[in-house]
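Let me begin by presenting the structure, written as structure tokens, before commenting on it.
2 protein chains.
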Amino acid sequence: MSEHNSVGIVSPQTAHFDAPLALACGKTLNEFDLVYETYGELNAEKTNAILICHALSGHHHAAGYHSESETKPGWWDTCIGPGKPIDTNVYFVVSLNNLGGCHGSTGPTSINPETGKLWGPDFPQVRVADWVNSQAALADRLGIDIWAAVIGGSLGGMQAMQWSVQYPERLKYCLIIASAMDLSAQNIAFNEIARQAIQSDPNFCAGHYREQDTNPSQGLALARMVGHVTYLSDDAMANKFGRDIRSGSIEHNIDQEVEFQVESYLRYQGSQFSTAFDANTYILMTRALDYFDIAADFNGDPVKAFATTKAQFLVVSFSTDWRFSPRRSREITNALIAANRPVSYAEIEAAEGHDAFLMPIPRYLDVLKAYLGRIAEDLL
Amino acid sequence: MSEHNSVGIVSPQTAHFDAPLALACGKTLNEFDLVYETYGELNAEKTNAILICHALSGHHHAAGYHSESETKPGWWDTCIGPGKPIDTNVYFVVSLNNLGGCHGSTGPTSINPETGKLWGPDFPQVRVADWVNSQAALADRLGIDIWAAVIGGSLGGMQAMQWSVQYPERLKYCLIIASAMDLSAQNIAFNEIARQAIQSDPNFCAGHYREQDTNPSQGLALARMVGHVTYLSDDAMANKFGRDIRSGSIEHNIDQEVEFQVESYLRYQGSQFSTAFDANTYILMTRALDYFDIAADFNGDPVKAFATTKAQFLVVSFSTDWRFSPRRSREITNALIAANRPVSYAEIEAAEGHDAFLMPIPRYLDVLKAYLGRIAEDLL
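Those protein sequence lines, which keep their order, are chains A and B.
Residues 1215 to 1594 (this note's numbering) are what the first sequence spells out, left to right.
Residues 1215 to 1594 (this note's numbering) are what the second sequence spells out, left to right.
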């Protein structure tokens, strides 16, 4: 681990909930666990709490290290820590693994208490609204009536947005980063390709791969490869790999073994992911993305949805992000303006595509730091 | 069939070549077949011949119908026919299936005469330069010393470009549509995902699926789905599908069966393709795309490559094409200008993405018609 500006060693905690959770799909979870981490201290007035919502393949471990020997910190360590934009000297930060996840919260890899067997593919299709309800239950448990801010990027931004509509009294600020009010057909298509890759892997076994002691690794790796390419910009890939060849040259290669650097990189990324992530969870998370539509309960009008909110908003996008393009963030901003809600919008020049929301891009960090400084001035 | 402006019923022909063809990879094809179609009449001076080069999944059947009962004409029937931009009242049009293809020309689905067995995955990795050599052999066979024009879109555009460098004396005009001087890392990455999808299908059998009487249909379908999504623009998909759901609504769906129109469309496209195309050919074609680099033999300098050419050029791109973006076509145009070659460039506003090059977009057809009219004035 590296000590510099780090929250240091952190330990995940588990909250068990016995009260049934009614889900948007019509089913009910009678009990569930949420695994979460906290960074910083909750103040006496409980006014400094920030909720971090994770994206497709994220989890609760957003900052710090789980042990002295860990070399990689949590997934948003660039933003969360003492003196960092989400300053743990100021804020009490809560980060959880969502329901349906595969990092400790109840999901397809958990045992269904009613059957004594793995949930597997039978875990209910949770949606963004369900996550927000479960996060509200966690807030209750932690004694947090009102979040100073709910923050998320990508699918996490959808959760932040949903919070503002679903619990308008329970958050003061809402930070929506690299997100959209709903997925485009193109995004749904890429998600469907990922699901098809997993489901057509013979080791998927209709989702019961764990009982068969196997894993749809090839399908999951393919799904990750598709995701990975689409989260990067064309420029970012060009800068990172160009047309570099692993060895030799195209022109002097007699057999078919020419291999570009980008190919071996992708295969490595896919293979790593396929051993670390659960296939049923991946399917569930992409479905939650597909189904999200902030305006669905408002006759398709996002202005009506946002008119019910009470938070102040920051919307952030990245210039080369083509899966959640600046245009989609401007749609959010424009709907908020039309709904007469206070909103700031920052479009960050960045070569990194959708992945930029996880990167330490100076202007991005500056925007977050300034905005969170303003929240502290307002609330603390 | 529809008679309107059609070349009518056409019959493919096969040309057999006995002279060995030395390939860029170092191997030699001792004999091969090319299947081709022709439309219009070769004039006495043999000055009105046009070569059409096909793209990744294309073939020789570019225009007209194979029978009265055929409902869909050849793949570029919008452009080729009497009175159409490539006017068969004026030009003699030649369209072939490339070496390595799966529509009649020698390729992985052919018998290797030296072994008496299917070529399968052992068919040599042909490259764009090899195709051009084989097309030159076909030109010799047809008595065509000089093409009035060589025309192609996408991978076909690479062949047209290569013709101008490899046989500068054998073409007067070169039309390069929605193409690039080499593939970007992102494009190589999408091709690699397609190959991985095919190769990780257990029915691929290391390429020997035909001997095993099976087919990697799932992998090939996935590969096609990836291609299909990336050939369309985000806008085109939004216009075509939006977030339409096949039946019912997301909000009132109790189980996990919500399905967007775009999903069933993609699955249908993938499944259709997987029964009509050969997996080894798909891998070979994507490799040919990846390996193409017009500047490779010129120290990486495309200006030096184009300085050796003698043709006049038309370069065309489409505004929403993100796999072969207008930027890539401007690079071709700028290199031609720097090489002091005569070039016209048209950037067509079109919502259809890369697929636009196959579509009847009025300004696109107008540009082609005007340019081919100019060629006729010049040569005929």
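Each residue gets a CB set at the ideal place from its N, CA and C atoms; glycine is no exception.
Computed from a prediction, not measured in an experiment: that's the story for all the values here.
Q. Under the three-state reduction of DSSP, which class applies to Gly-1367 (chain A): helix, strand or coil?
A. Locating residue 1367 (chain A) in the first sequence gives position 153, where the first residue counts as 1. Assignment of Gly-1367 (chain A) by DSSP, reduced to helix, strand and coil, places it in the strand class.
Q) With burial defined as no fewer than 16 other Cβ atoms inside 10 Å of the residue's Cβ, what is the status of Tyr-1578 (chain B): buried or exposed? A) The count along the second sequence starts at 1 and reaches residue 1578 (chain B) at position 364. Label assigned to Tyr-1578 (chain B): buried.
(Q) Is the beta carbon of Ala-1229 (chain A) closer than 8 Å to that of Leu-1248 (chain A)? (A) Locating residue 1248 (chain A) in the first sequence gives position 34, counting from the first residue. Locating residue 1229 (chain A) in the first sequence gives position 15, counting from the first residue. Yes, the pair counts as a contact, with Cβ atoms nearer than the cut-off.
**Q.** Delimiting residues of the alpha helix (DSSP H) encompassing Ser-1558 (chain B)
**A.** Counting from 1 along the second sequence, the entry for residue 1558 (chain B) is found at position 344. Element bounds for Ser-1558 (chain B): not the alpha helix (DSSP H) but the beta strand (DSSP E), 1557-1562.
Q. What residues are listed by DSSP as bridge partners for Ala-1519 (chain B)?
A. Stepping through the second sequence from its first residue, residue 1519 (chain B) is reached at position 305. Its beta-bridge partners do not exist; DSSP assigns none.
Q: Run through the stretch 1496-1549 of chain A for me and flag every whole alpha helix (DSSP H) of 4 or more residues, listed as ranges in chain order.
A: If you keep only unbroken alpha helix (DSSP H) runs of at least 4 residues inside the stretch 1496-1549 of chain A, you get 1516-1521.
Q) Considering only the beta carbon of each residue, do Ala-1363 (chain A) and Lys-1331 (chain A) sit closer than 8 Å? A) Along the first sequence, read from residue 1 onward, the residue named residue 1363 (chain A) stands at position 149. Along the first sequence, read from residue 1 onward, the residue named residue 1331 (chain A) stands at position 117. Result no, Cβ atoms of Ala-1363 (chain A) and Lys-1331 (chain A) do not sit closer than 8 Å.
Q) In chain B, which residues lie less than 9 Å from Ile-1402 (chain A) when you measure between Cβ atoms? A) Here residue 1402 (chain A) is taken as the residue at index 188 of the first sequence, counted from 1. Within chain B, the residues near Ile-1402 (chain A) are Met-1451, Phe-1455, Arg-1457, Phe-1474, Val-1476 and Glu-1477.
Q) How many Å lie between Leu-1594 (chain B) and Ala-1493 (chain B) at the Cα? A) Residue numbering aside, residue 1594 (chain B) sits at position 380 when the second sequence is read from its first letter. Residue numbering aside, residue 1493 (chain B) sits at position 279 when the second sequence is read from its first letter. The straight-line gap from Cα to Cα measures roughly 43 Å.
Q: In angstroms with no decimal places, state the Cα-to-Cα distance between Ile-1412 (chain B) and Glu-1406 (chain B).
A: If you number the second sequence from 1, residue 1412 (chain B) lands on position 198. If you number the second sequence from 1, residue 1406 (chain B) lands on position 192. If you take the alpha carbons of Ile-1412 (chain B) and Glu-1406 (chain B), they lie about 10 Å apart.
Q: Look at the alpha carbon of Leu-1397 (chain A) and the alpha carbon of Ala-1403 (chain A), and state the distance between them as a whole number of angstroms.
A: One-based indexing of the first sequence puts residue 1397 (chain A) at position 183. One-based indexing of the first sequence puts residue 1403 (chain A) at position 189. If you draw a straight line from the Cα of Leu-1397 (chain A) to the Cα of Ala-1403 (chain A), it comes to about 10 Å.
Q.
Let me make sure I understand the geometry here. Which of B:Thr-1500, B:Ala-1549 and B:Met-1499 has the alpha-carbon closest to that of Gln-1516 (chain B)?
A. The residue given as residue 1516 (chain B) occupies position 302 in the second sequence. Before going on, a small fix: residue 1516 (chain B) reads as Pro here, not Gln. Nearest to Pro-1516 (chain B) by C-alpha distance, out of B:Thr-1500, B:Ala-1549 and B:Met-1499, is B:Ala-1549.
Q: From the DSSP output, in three-state form, read off Leu-1586 (chain A) for me.
A: On the first sequence, position 372 is the one that residue 1586 (chain A) refers to. In this structure, Leu-1586 (chain A) counts as helix in the three-state DSSP scheme.
Q) Quick one: what's got a C-beta closer than 7 Å to Ala-1553 (chain B)'s C-beta in the same chain, skipping five residues either side? A) On the second sequence, residue 1553 (chain B) is found 339 positions in, with the first residue counted as 1. Excluding residues within five positions, the ones whose Cβ falls inside 7 Å are Val-1517, Phe-1520 and Ala-1521.
Q) Alpha carbon to alpha carbon, how far is Asn-1219 (chain B) from Lys-1454 (chain B)? A) Reading the second sequence from its first residue, position 5 is the one you call residue 1219 (chain B). Reading the second sequence from its first residue, position 240 is the one you call residue 1454 (chain B). One C-alpha to the other measures close to 28 Å.
Q) How would you call Glu-1251 (chain A), buried or exposed, if buried means at least 16 neighbouring beta carbons within 10 angstroms? A) Counting from 1 along the first sequence, the entry for residue 1251 (chain A) is found at position 37. Glu-1251 (chain A) is buried by the Cβ-count criterion.
Q: Step through the CB atoms of chain A and report whether any lies within less than 8 Å of the CB of Ile-1412 (chain B).
A: Translated into positions along the second sequence, residue 1412 (chain B) becomes position 198. Chain A contact via Cβ: absent.
Q. The beta strand (DSSP E) with His-1230 (chain A) in it runs from where to where?
A. Here the question's residue 1230 (chain A) lines up with position 16 in the first sequence. Run containing His-1230 (chain A): 1227-1231, per the beta strand (DSSP E) assignment.
Q. For Tyr-1559 (chain B), which residues of its own chain have a beta-carbon under 6 Å away from its beta-carbon, when the five flanking residues on both sides are left out?
A. As a position in the second sequence, residue 1559 (chain B) is number 345, starting the count at 1. Exclusion of the five residues before and after Tyr-1559 (chain B) leaves Val-1529 and Thr-1547 as the residues of its chain whose Cβ lies within less than 6 Å of its Cβ.
Q | Alpha-carbon spacing of Gly-1222 (chain B) relative to Asn-1303 (chain B), whole angstroms | A | Against the second sequence, residue 1222 (chain B) aligns to sequence position 8. Against the second sequence, residue 1303 (chain B) aligns to sequence position 89. Computed Cα separation, rounded: 13 Å.
Q. Where does the unbroken beta strand (DSSP E) through Lys-1454 (chain A) begin, and where does it stop?
A. Counting from one through the first sequence, the residue named residue 1454 (chain A) turns up at place 240. No beta strand (DSSP E) holds Lys-1454 (chain A); the alpha helix (DSSP H) holding it covers 1448-1454.
Q: Reducing DSSP to helix, strand and coil, say where Cys-1293 (chain B) ends up.
A: The residue labelled residue 1293 (chain B) in the question sits at position 79 within the second sequence. Coil.
Q.
What ranges does the alpha helix (DSSP H) occupy inside the stretch 1313-1367 of chain B, keeping only unbroken runs of at least 4 residues that lie completely in it?
A. Counting whole runs of 4 or more residues, the stretch 1313-1367 of chain B contains the alpha helix (DSSP H) stretches 1342-1356.
Q.
So Val-1443 (chain A) contacts chain B; which residues on that side make the cut at Cβ distance below 8 Å?
A. To locate residue 1443 (chain A), count along the first sequence from 1; it is residue 229. What Val-1443 (chain A) touches in chain B: Gln-1400, Ala-1403, Phe-1404 and Ile-1407.
Q. Within the chosen definition, does the stretch 1342-1349 of chain B reach the stretch 1365-1384 of chain B through at least 3 CB pairs nearer than 8 Å?
A. Yes: the two stretches touch, three or more of their Cβ pairs being nearer than 8 Å.
Q.
Quick check: what's the CA-CA separation for Thr-1534 (chain A) versus Ser-1461 (chain B)?
A. Translated into the one-based positions of the first sequence, residue 1534 (chain A) becomes position 320. Translated into the one-based positions of the second sequence, residue 1461 (chain B) becomes position 247. Take the alpha-carbon of Thr-1534 (chain A) and the one of Ser-1461 (chain B): they are about 35 Å apart.
Q | Identity of the residue in B:Gly-1297, B:Asp-1336 and B:Ile-1300 nearest Gly-1314 (chain B) by Cα | A | Within the second sequence, the letter at position 100 stands for residue 1314 (chain B). Among B:Gly-1297, B:Asp-1336 and B:Ile-1300, the Cα nearest to that of Gly-1314 (chain B) belongs to B:Asp-1336.
Q) Lys-1298 (chain B): buried (16+ other C-beta within 10 angstroms of its C-beta) or exposed? A) Along the second sequence, read from residue 1 onward, the residue named residue 1298 (chain B) stands at position 84. Flag for Lys-1298 (chain B) reads buried.
Q) Would DSSP call Val-1379 (chain A) helix, strand or coil? A) Numbered from its first residue, the first sequence carries residue 1379 (chain A) at position 165. In the three-state reduction of the DSSP assignment, Val-1379 (chain A) falls in the helix class.
Q: Indicate whether at least one CB of chain A lies closer than 8 Å to the CB of Val-1440 (chain B).
A: Within the second sequence, the letter at position 226 stands for residue 1440 (chain B). At least one CB of chain A lies nearer than 8 Å to the CB of Val-1440 (chain B).
(Q) Rounding to the nearest angstrom, what Cα-Cα distance links Glu-1328 (chain A) and Gln-1339 (chain A) in this structure? (A) Counting from 1 along the first sequence, the entry for residue 1328 (chain A) is found at position 114. Counting from 1 along the first sequence, the entry for residue 1339 (chain A) is found at position 125. So the two alpha carbons sit approximately 17 Å from each other.
Q: Would you mind sorting Ile-1468 (chain A) into buried or exposed? The rule is 16 or more other CB atoms within 10 Å of its CB.
A: Locating residue 1468 (chain A) in the first sequence gives position 254, counting from the first residue. Residue placement at Ile-1468 (chain A) is poorly supported in this model, since its pLDDT is 49, which falls under 50; the coordinates still yield a value, given next. With fewer than 16 other Cβ atoms from the protein chains shown falling within 10 Å of its own Cβ, Ile-1468 (chain A) counts as exposed.
**Q.** Per-residue DSSP class, three states only, for Ile-1459 (chain A)
**A.** For the purposes of this step, residue 1459 (chain A) is identified with residue 245 of the first sequence, where counting begins at 1. Strand at Ile-1459 (chain A).
Q. How long is the line joining the alpha carbons of Ala-1350 (chain B) and Ser-1447 (chain B), rounded to whole angstroms?
A. Translated into positions along the second sequence, residue 1350 (chain B) becomes position 136. Translated into positions along the second sequence, residue 1447 (chain B) becomes position 233. Annotation: Ala-1350 (chain B) to Ser-1447 (chain B) spans about 35 Å, alpha carbon to alpha carbon.
Q | Beta-bridge partners of Ser-1309 (chain A), as assigned by DSSP | A | Residue numbering aside, residue 1309 (chain A) sits at position 95 when the first sequence is read from its first letter. Assignment of beta-bridge partners to Ser-1309 (chain A) by DSSP yields A:Glu-1251 and A:Ile-1266.
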